[in-house]
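**Q** Got a structure here, written out as structure tokens. Questions coming.
Residue numbers (UniProt numbering): 1 to 409.
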């Protein structure tokens, strides 16, 4: 899938460039494409330096949370809910702890760190699966919730914005939180309908109703604020939450007599190992996206979408942020490249860049997740997993666009 997508970027760019040269008489198009190749290769290294630090930092703190028992405590708190949503998983099974750690890493926006943990969780769930080739209900629910993007603290999005010179990298905190809530809710409800899960079970309702009331009340409060106040609140809450999580991990770790410094370094080493493998993928996708943009092919596609949106009488400012959404189901690295490229061309705090950042934080690489997670355990028949995951993804994109108009338009 990634081979075809990456090759397709170059082939489409080549056809577009030839058309501009032969039909439009633009002989400088090839020079622009070559220049874009080297510019994007340089940008990849610049982004990678900060990505090294971000993953190293947060995997260090996550290791403290793990050794302090925070992850284990979360598994116990969520245990009764898992028992209803995944009845085939016995209480106390190792899969539940791994699922909790995966959700924690996703919640912190550490997509690349969450994947190895998620693969371990999927293998643990496969041990309980009576079929070697057909996905179980528990595996499907776990995958769809992953594909719905459980991002509560999108630190990598903040990092990309900081690297591109944003005056306030956490400005998109609340929009991402609201959009990812929508995608996760739709993902859960779609699986519940397909698997006939009893969401009206008193235990399930005890978890869902307070969360829904809290989110609804929060959104009602946000509805009373002006656009400027919304942006200011998002910034304050983003920074406060980010620093608060760090202090919480450290204080609980110290109280539990965890050697916080040594533990942080241990986790940070894991983060370094994860990060160092990402540069080739980042270079590959950024270069391909840069060539696509320089050839004029990407702008041609966006112009077509823009005309269609304009024909429907809708505002078209969000269209320039759509490239991230178009490739996100197929490749996280391609979506990341699209996001960075949008920030570069449109401006890091422009409306399209804010839309792209919110989409990036509230959606997931559906086909990639399905291929990697199910492929790791030999699952061939995925049943309703893809349909539910794509529905959650679409909900995240629509919610991200709507929320950005609410906050930033």
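All C-beta atoms, glycine included, are put in the ideal place defined by N, C-alpha and C.
In this structure, how does DSSP classify residue 306 when only helix, strand and coil are distinguished?
**A** For residue 306, the three-state secondary structure derived from DSSP is helix.
**Q** Would you say the stretch 48-56 touches the stretch 284-294, given that touching needs at least three Cβ pairs under 8 Å?
**A** Cβ pair count under 8 Å is below three, so no.
**Q** So residue 321 packs on residue 289, CB below 8 Å; how close in whole Å?
**A** 14 Å between Cβ atoms; not a contact.
**Q** Pull up the CB-CB distance for residue 98 and residue 117, whole angstroms please, since I reckon it's below 8 Å.
**A** 6 Å
**Q** What's the C-alpha gap between residue 172 and residue 325?
**A** 16 Å
**Q** Rank 336, 55, 73 and 68 by C-alpha distance to the C-alpha of residue 260 and give the top, closest one.
**A** Closest option to residue 260, Cα to Cα, is 68.
**Q** Check residue 381 in the structure and name its three-state DSSP category.
**A** strand
**Q** How would you label residue 90, buried or exposed, when you count the other beta carbons within 10 angstroms and need 16 or more for buried?
**A** exposed
**Q** Determine the extent of the alpha helix (DSSP H) in which residue 342 is found, giving its start and end residues.
**A** 332-346
**Q** With contact counted as at least three CB pairs below 8 Å, one residue from each stretch, are the stretch 373-381 and the stretch 338-351 in contact?
**A** no
**Q** Which same chain residues, not among the five before or five after residue 26, have their C-beta less than 7 Å away from its C-beta?
**A** 20
**Q** Is it the case that the Cβ atoms of residue 318 and residue 408 are separated by a distance below 8 Å?
**A** no
**Q** Please report how far the alpha carbon of residue 394 lies from the alpha carbon of residue 220, in whole angstroms.
**A** Rounded to whole angstroms, residue 394 to residue 220 spans 24 Å at the Cα level.
**Q** Kindly indicate which three-state DSSP category residue 170 falls into: helix, strand or coil?
**A** helix
**Q** Name the DSSP bridge partner or partners of residue 134?
**A** Bridge pairing for residue 134: 381 [DSSP].
**Q** Return helix, strand or coil for residue 23, following the three-state DSSP convention.
**A** coil
**Q** Applying the criterion that 16 or more other CB atoms from any shown protein chain within 10 Å of the CB defines a buried residue, is residue 132 buried or exposed?
**A** exposed
**Q** Considering only C-alpha positions, which residue in the set 346, 284, 298 and 32 is nearest to residue 332?
**A** For residue 332, the nearest C-alpha among the options comes from 284.
**Q** For residue 293, report the span of its alpha helix (DSSP H) as first-last.
**A** 279-294
**Q** Assign residue 360 to one of three DSSP states: helix, strand, or coil.
**A** Correct three-state label for residue 360: helix.
**Q** So, for residue 391: in the same chain, excluding its five sequence neighbours on each side, which residues have a beta-carbon less than 7 Å away from its beta-carbon?
**A** 186 and 190
**Q** Under the rule that 16 or more other beta-carbon atoms within 10 Å means buried, what is residue 212, buried or exposed?
**A** exposed
**Q** In the DSSP assignment, find the unbroken alpha helix (DSSP H) run with residue 365 in it and report its ends.
**A** Element bounds for residue 365: n/a, residue is neither H nor E.
**Q** Roughly how many angstroms separate the alpha carbons of residue 22 and residue 29, rounded to a whole number?
**A** 11 Å
**Q** My output table needs one value for residue 239: the three-state DSSP class, helix, strand or coil.
**A** helix
**Q** How would you call residue 280, buried or exposed, if buried means at least 16 neighbouring beta carbons within 10 angstroms?
**A** Result: exposed.
**Q** By a C-beta neighbour count over all protein chains shown, 10 Å radius and 16 as the cutoff for buried, is residue 364 buried or exposed?
**A** buried
**Q** Looking at the unbroken alpha helix (DSSP H) that takes in residue 323, where does it start and where does it end?
**A** 322-327
**Q** Within the chosen definition, does the stretch 161-170 reach the stretch 233-247 through at least 3 CB pairs nearer than 8 Å?
**A** yes
**Q** Comparing alpha-carbon positions, which option in 8, 3, 147 and 31 lies nearest residue 107?
**A** 147
**Q** Compute every distance between the C-beta of residue 362 and the non-hydrogen atoms of the ligand NAP, then say whether any falls below 7 Å.
**A** This structure does not include the ligand NAP; it has no bound ligands of any sort.
**Q** Can you check whether the CB of residue 84 is closer than 8 Å to the CB of residue 204?
**A** yes
**Q** Should residue 358 and residue 400 be called a contact, given that it needs their Cβ atoms to be closer than 8 Å?
**A** yes
**Q** Between the alpha carbons of residue 176 and residue 158, how many angstroms are there, rounded?
**A** 11 Å
**Q** Identify which residue in 282, 142 and 79 has its Cα closest to the Cα of residue 206.
**A** 79
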